[in-house]
Every structure is written in C-alpha cells, then in structure tokens.
Amino acid sequence: IALEAALGVLDGFDAKAVLCDRGPRDGDVDLDGVRAAIELARTRGFTPVFHHHMGTRVQTGAEIERLLESTDVDLLLDTGHALAAGGNPVQALRDWRDRIRHVHVKDVRLEVLRSAADWDEAWRKGVFCELGAGDVDLIRFVSELVDGRYGGWGVVEQDRLPGDPAEAARAQARNRRWLADHGLAVA
Numbered sequence: 468i469a470l471e472a473a474l475g476v477l478d479g480f481d482a483k484a485v486l487c488d489r490g491p492r493d494g495d496v497d498l499d500g501v502r503a504a505i506e507l508a509r510t511r512g513f514t515p516v517f518h519h520h521m522g523t524r525v526q527t528g529a530e531i532e533r534l535l536e537s538t539d540v541d542l543l544l545d546t547g548h549a550l551a552a553g554g555n556p557v558q559a560l561r562d563w564r565d566r567i568r569h570v571h572v573k574d575v576r577l578e579v580l581r582s583a584a585d586w587d588e589a590w591r592k593g594v595f596c597e598l599g600a601g602d603v604d605l606i607r608f609v610s611e612l613v614d615g616r617y618g619g620w621g622v623v624e625q626d627r628l629p630g631d632p633a634e635a636a637r638a639q640a641r642n643r644r645w646l647a648d649h650g651l652a653v654a
C-alpha cells in the first residue's frame, strides 16, 4: 500500500521508482517481495531501480550480487553506502555497469564509521561528508563515469542532520563545484 501511494505521487513526473529494502539486517532480503514491487512499479509506467543501503538486507557486495542475479531490476549505485559496507565503488561500477541506471555520488569517512557503536551513531557523527573530504575514491569513480559515457541519473548526496540551511546550501554548492572541477558536468 505504501509503494502504491508513493507511485501515485510520482505519476506525471519524470521520476524513477527507487526501491529499497526497509531492513533491519535480520536475514536475507525478500526477493519475492522485491519482484512484486518491481512489477507494481512497471505496471504503473515506471522503470524501477534498487538502492542498496546500510542497515538493510541489501548492503554488501554479495547481497547486491544476489539481488542482481535473482531479479531483473536495475541498480542505484551509492558510492558512500558501497564503501561503508566494505565494497569498492569503482569496482562496483565496473562490475555492474550494465545494470546501473542511477548513482548517488556520496563521500564517507571510514574513521567515523569505525569509531561508532552502530550505523545510527555514525550517521549522527557525520560519517557522510562533502565530496573529496572522505575515503571514497571519487576521482577514479567520476573518471570511470565520464570515460564510460554514463548517461543515467545522478544525485550529489550528503546525508546530514538538520541544521543551518544556509550552510547546507553552501556545502552542496561546494559539492557541485568539486564535481565540475573533476570533469562531471552538473545541471
């Protein structure tokens, strides 16, 4: 019912149906449920993508691989969540390029993640940071996107706690400038 309502809101927009496991990490993802969500999105005229995410049952590279082998859904590759889960975003882009239709370009500080008791604490401590300030090899990732002529959707993302909206806007301007300085055109 929640997916049906969300798809109703998206009707009439040039939007992607982004699917994600709701977690928690308590076993394997419900592949039948994912397939049903994919089919529902498609019957409503959307081309769904699946967003792997920390704290869900599709977090690690092996879990992403299982999802891709077991379904025909395309992937939203999130650089920050890929690295935080122990993966390599550049290798993920190479391995799954033919299934990637959306990217979240995000940086993450592994030191913050390692020092936190859990994912929620890491997030609250600012595990996600401005592009170029963390541990994701974004220069290589962006280079791979450009060289591979990636034509899908992309989002510059910096998850952060609510605070000063003017500083959040300045941080996003710096993120966009970082991308432009490294060869990725931003609209």
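In my numbering, the protein residues as written are 468 to 654. Just so you know, even glycine gets a beta-carbon here, dropped at the ideal spot from N, CA and C.
Distance, residue j Cα to residue i Cα
i    : j    : result
T546 : W563 : 13 Å
V525 : A640 : 31 Å
D488 : V496 : 7 Å
G522 : Q625 : 17 Å
D507 : D481 : According to the sequence provided, residue 507 is Leu. The question's Asp does not apply to it. Each residue's Cα considered, the two are about 17 Å apart.
R607 : H649 : 10 Å
L651 : R511 : 32 Å
N642 : L598 : 6 Å
First through last residue of the beta strand (DSSP E) which encompasses residue i
i    : result
H520 : Note, H520: premise wrong, no beta strand (DSSP E); not H, not E.
R568 : 567–572
G662 : Nothing about residue 662 can be reported from this structure: the residues present for the chain run from 468 to 654 only.
V622 : 620–623
D545 : 541–545
The alpha helix (DSSP H) enclosing residue i, as first and last residue numbers
i    : result
L560 : 556–563
V501 : 498–510
L534 : 528–537
L651 : No alpha helix (DSSP H) contains L651, which DSSP labels as neither H nor E.
Sequence-distant residues of its chain with Cβ nearer than 6 Å to residue i (five each side left out)
i    : result
G554 : G528
G619 : R568, H569
C596 : D574, R576
Contact under 7 Å by Cβ, residue i with residue j
i    : j    : result
R637 : G601 : no
L477 : S537 : no
R566 : L534 : no
A551 : A559 : no
F517 : A484 : no
8 Å CB neighbourhood of residue i in its chain, flanking five on each side removed
i    : result
G494 : R524
K592 : V579, S582, A583
Could you tell me whether the region 494–509 touches the region 564–573, where touching means 3 or more Cβ pairs closer than 8 Å?
-> no
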